[in-house]
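Residue numbers (my numbering), protein chains in the order written: chain E, 800 to 1053; chain C, 800 to 1053. Everything on this sheet refers to the single structure shown next.
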């Protein structure tokens, strides 16, 4: 009646590191991450910690030299290859602090490949702390098992985003003035895609006209209720993953 | 070049009240709601405030007798009938405070008909502040334009939920041990439905077996990443609304 224990252990901590990982590589962990492993998770010598660097997949690493403020982790074996998430970008106007953090966290969990902040006229917030957003992406990636972080692009103005829009990528956008039901749009427009969500105050009429003028733009409707910006971002991303992404029956990651 | 101003004005505050509304009914508003209208929104005599009572739709009401701590609103005309949301329940194990509040807020915005808290063995949280949850539902309903609040049911044990499961209602549940891709499950199982999401620690094996034994149960997969409980709840609700609810091309509310 003894079951083989899972390896790596399910309880193993999971940590993103900047260092390039590989078999036999020793990584010294300091700062907050070390505090978390040593004082919160109480990692002991020879315990396994899972590491990923966003480039080489996930590695099981063994702890040693645990001191007060740092420890060393030796990469033993690769436990996962580098992930391929579906080719989906989330383009969002910055919204209030807690809500943009939520968008970053959920975008990472749901499998977004790139998070692209977009500056629009009615945005209540015009500056964005990219370091804080990145910290939320890292934490979500550690938690949800991703082996790469979503790209976090610098904020661009909406005009520039539209002017430089790459050929062959659909741009779904939630248009309060009306659009195609989401399910219908998703079935009609497969392939690389992005979702554009405006700020709390919505796009202004000139912005909406500019978006609609883009050949790649697909105005969509997200039902009869008024969704907050972050709800629209999370819900429409989930819908895309369900029908066109890697939650779909055939998978959409390739 | 003068456009007809929208009526009721788009900037009108929107408020849930307990009182039964009707043409000519005068409602005295006190407490936090009065503070919000008087001091935050700076409502003046004759300004329009939108009211809903969860039973009779939405009403435009005119402000008068604005004092320091209360004001009177006279219902003038009904602006919306009582809504019919799709027949979808969200059954969730309680999770940490901020995250269960988020589930309540998003469930309301996305159009859930009933929020059903469920007690499970691995739940980190075993008590639930229903008043606080209800306050989040009210605030979300005010913001998203709903004219009725979702039902908020008292917490039940998982065993009881399954024992009394109503005939003819599908029960989608996110099964970490594997399930049908969400899109495929949604197409195969139309009609009244519910989603069951476990706590942070998941269902235990006996609970999972009990759920799977229910004929109405449909184990679903929400992609290859590990979703937090609240992410699974929000994402799967959005997927249901997209394909089987009132975001769908034919609508699912009737």
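The beta carbon of each residue, even a glycine, is placed where N, CA and C say it ideally should be.
With a minimum length of 3 residues, the unbroken runs of beta strand (DSSP E) contained wholly in the segment 951–1022 of chain C fall at 969–973, 992–996, 1016–1020. Within the same chain, 957, 958, 961 come within 8 Å of residue 1009 (chain E) by CB-CB distance, once the 5 residues on both sides are set aside. Annotation: residue 857 (chain C) has no Cβ neighbours in chain E at a cutoff of 7 Å; minimum Cβ distance is about 13 Å. Check the Cα spacing between residue 899 (chain E) and each of E:874, E:887, E:925, E:834: the tightest is with E:925. Only residues of its own chain outside the window of five on either side were considered, and among them 1021, 1026 have a CB closer than 7 Å to the CB of residue 1034 (chain C), listed in chain order. Each residue's CA atom was taken as its position, placing residue 919 (chain E) and residue 998 (chain E) some 7 Å apart. In this structure, the straight-line span from the alpha carbon of residue 973 (chain C) to that of residue 829 (chain C) is close to 43 Å. Put simply, the CB of residue 1046 (chain E) is near chain C, with a gap under 7 Å to one of its CB atoms. Following the DSSP letters along the chain, one finds residue 827 (chain E) in no alpha helix (DSSP H) but inside the beta strand (DSSP E) bounded by residues 825–828. From the listed residues C:921, C:1013, C:930, the smallest Cα separation to residue 963 (chain C) is found for C:1013.
Taking a C-beta cut-off of 7 Å against chain C, the contacting residues of the segment 880–912 of chain E are 905, 908, 909, 910, listed in chain order. In chain order, 1047, 1048 make up the part of chain E whose C-beta sits under 9 Å from the C-beta of residue 983 (chain C).
Per DSSP, the beta-bridge partners of residue 860 (chain C) are C:848, C:874. For residue 1039 (chain C), the three-state secondary structure derived from DSSP is helix. Per the DSSP secondary-structure output, residue 914 (chain C) pairs in a beta bridge with C:889, C:951.
Contacts with chain C (Cβ-Cβ distance below 8 Å) from the segment 937–967 of chain E involve 942, 943, 944, 945, listed in chain order. If you look at residue 936 (chain E), you'll find it in the alpha helix (DSSP H) that goes 929–943.
Sequence-distant Cβ neighbours of residue 978 (chain C) in its own chain, meaning closer than 6 Å and more than five residues away, are 1018, 1019, 1020.
Those residues of the segment 1008–1028 of chain E placed with their C-beta closer than 8 Å to a C-beta in chain C are 1020, 1021, 1022, 1023, 1024, 1025, 1026, 1027, ordered along the chain. Taking the Cβ atoms as the reference, residue 970 (chain E) lies roughly 14 Å from residue 1036 (chain E), outside the contact range of under 8 Å. About 6 Å separates the Cβ atoms of residue 820 (chain C) and residue 850 (chain C), confirming a contact at the 8 Å cut-off. Going by beta carbons, residue 1028 (chain E) and residue 894 (chain E) fall inside the 7 Å limit.
Taking CB atoms only, residue 1037 (chain E) has a neighbour in chain C less than 7 Å away.
Excluding the 5 residues flanking it on each side, residue 937 (chain C) has same chain C-beta neighbours closer than 8 Å at 815, 948, in chain order.
Residue-level contact by beta carbon fails for residue 847 (chain E) and chain C, as no gap is shorter than 7 Å. Of all C-beta pairs linking the segment 900–915 of chain E to the segment 853–872 of chain E, fewer than three are shorter than 8 Å, placing the two stretches out of contact. When C-beta distances to chain E are compared with 7 Å, the residues of the segment 975–1004 of chain C below that value are 980, 981, 982, 983, in chain order. Against chain E, the CB of residue 1030 (chain C) has a partner CB under 7 Å away; the residue lies at that interface.
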